[in-house]
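Below: one structure, written as structure tokens.
Residue numbers (the working numbering): 4 to 358.
In structure tokens form, the structure reads like this:
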């Protein structure tokens with residue numbers, strides 16, 4: 004049985020927590036959700052907190068089946084929630100949504116899935132790997148982003164600037180060339196970053212919403228090694244405490260410009276157990292390089308190169324059966340994937356170049 008530890012806390016105690024987390028040690032599953040709201044009419048009578056509280060349990064149930072891939076588990080959970088409120092305007096781009104992170108041990112393998120701004124920190128035997136889906140960041144208009152960060156927290160100017168930025172970003176939600184979140188359409192699951200590592204090479208796998216990862220990404224108040232130490236030694240709640248201490252020291256956002264004084268936060272740490280069982284996985288093994296993950300839609304002829312060294316990371320071609328065959332330069336034989344499936348490529352030196 005795996006061991007897990009988790010914590011979640013609202014950014015504002017007077018508002019519903021739109022983050023969600025749970026774990027199932029018996030089935031080796033951990034899930035973190037980060038609800039995604041929109042400053043416009045959603046066409047849905049339910050709020051984001053309701054959405055994550057429905058999606059989370061459904062996802063826990065579907066991911067507990069070791070014969071179901073994590074992407075399929077997410078797709079099935081999305082369908083389940085959509086069936087709960089068919090009278091709502093589910094095709095509205097602003098319908099309640101969530102970023103998703105899943106970790107699951109299956110025998111000798113630890114599978115993972117990341118969609119939107121959930122961060123996965125893998126404490127491996129020889130290093131710390133960090134997986135993030137940066138498409139959501141790239142969907143921000145830089146001018147609107149700068150305007151939102153330039154305004155003082157708590158002012159009408161700041162609230163208006165954040166709303167303008169979020170409204171603009173909404174145009175790129177769940178569309179090609181934009182970013183993907185779980186909402187009402189199961190097909191978004193195919194665009195999630197997925198991967199696996201050998202469980203015996205992982206000390207811990209920690210999923211966190213951006214309300215916790217901001218300790219590193221926004222505040223630069225810790226390293227990922229620090230995060231691993233805090234979570235493994237003191238627990239997930241201690242990590243959130245560190246975030247809150249930093250935010251309390253900068254209440255108006257002067258030192259660390261941000262969108263709100265404190266965001267909802269969720270952290271879930273899964274520690275794999277030892278096993279001799281070898282269970283196969285249809286998730287994509289991540290090339291054994293380092294740090295950030297970037298996703299590309301698989302199509303014939305794609306070639307992904309490291310930006311720093313121009314080293315070939317992955318390439319793709321049409322296989323004899325009409326599927327797409329992907330060759331990872333660092334990771335053994337080709338993998339055959341479906342068309343439009345996403346592949347995560349972990350590289351050093353920033354975003355890789357795509358030929």
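We put the beta carbon where it would ideally sit given N, CA and C, even for glycine.
Check                                                                                                                                              : Outcome
Using only alpha-carbon positions, find the residue among 11, 152, 35 that is nearest to residue 169.                                              : 152
By DSSP, does residue 213 sit in helix, in strand, or in coil?                                                                                     : helix
For a minimum of 3 consecutive residues, which ranges assigned as the beta strand (DSSP E) are wholly contained in the segment 119-167?            : 121-127, 131-135
Measure the C-alpha to C-alpha separation of residue 59 and residue 230 and round it to an integer number of angstroms.                            : 24 Å
For the alpha helix (DSSP H) that contains residue 74, what are its first and last residues?                                                       : 73-87
Grab the span of the alpha helix (DSSP H) containing residue 15 for me, first residue to last.                                                     : First-last for residue 15: undefined, no H or E at that position.
With a threshold of 16 other CB atoms inside 10 Å of the CB of residue 164, please say whether the residue is buried or exposed.                   : buried
Are residue 225 and residue 35 closer than 8 Å when you measure CB to CB?                                                                          : no
Assign residue 239 to buried or exposed, taking buried as 16 or more other Cβ atoms, counted over all protein chains shown, within 10 Å of its Cβ. : buried
Give me the residue from 84, 144, 267, 109 with the minimum Cα distance to residue 98.                                                             : 84
Please state the DSSP three-state secondary structure of residue 172.                                                                              : helix
How big is the Cα-Cα spacing for residue 172 and residue 95?                                                                                       : 14 Å
In the structure shown, what three-state DSSP assignment does residue 222 receive?                                                                 : coil
For a quick check, are the C-beta atoms of residue 271 and residue 190 less than 8 Å apart?                                                        : no
Quick check on residue 186: does DSSP put it in helix, strand or coil?                                                                             : coil
Quick one, which of 207, 42, 39, 29 has its alpha-carbon nearest residue 133's?                                                                    : 207
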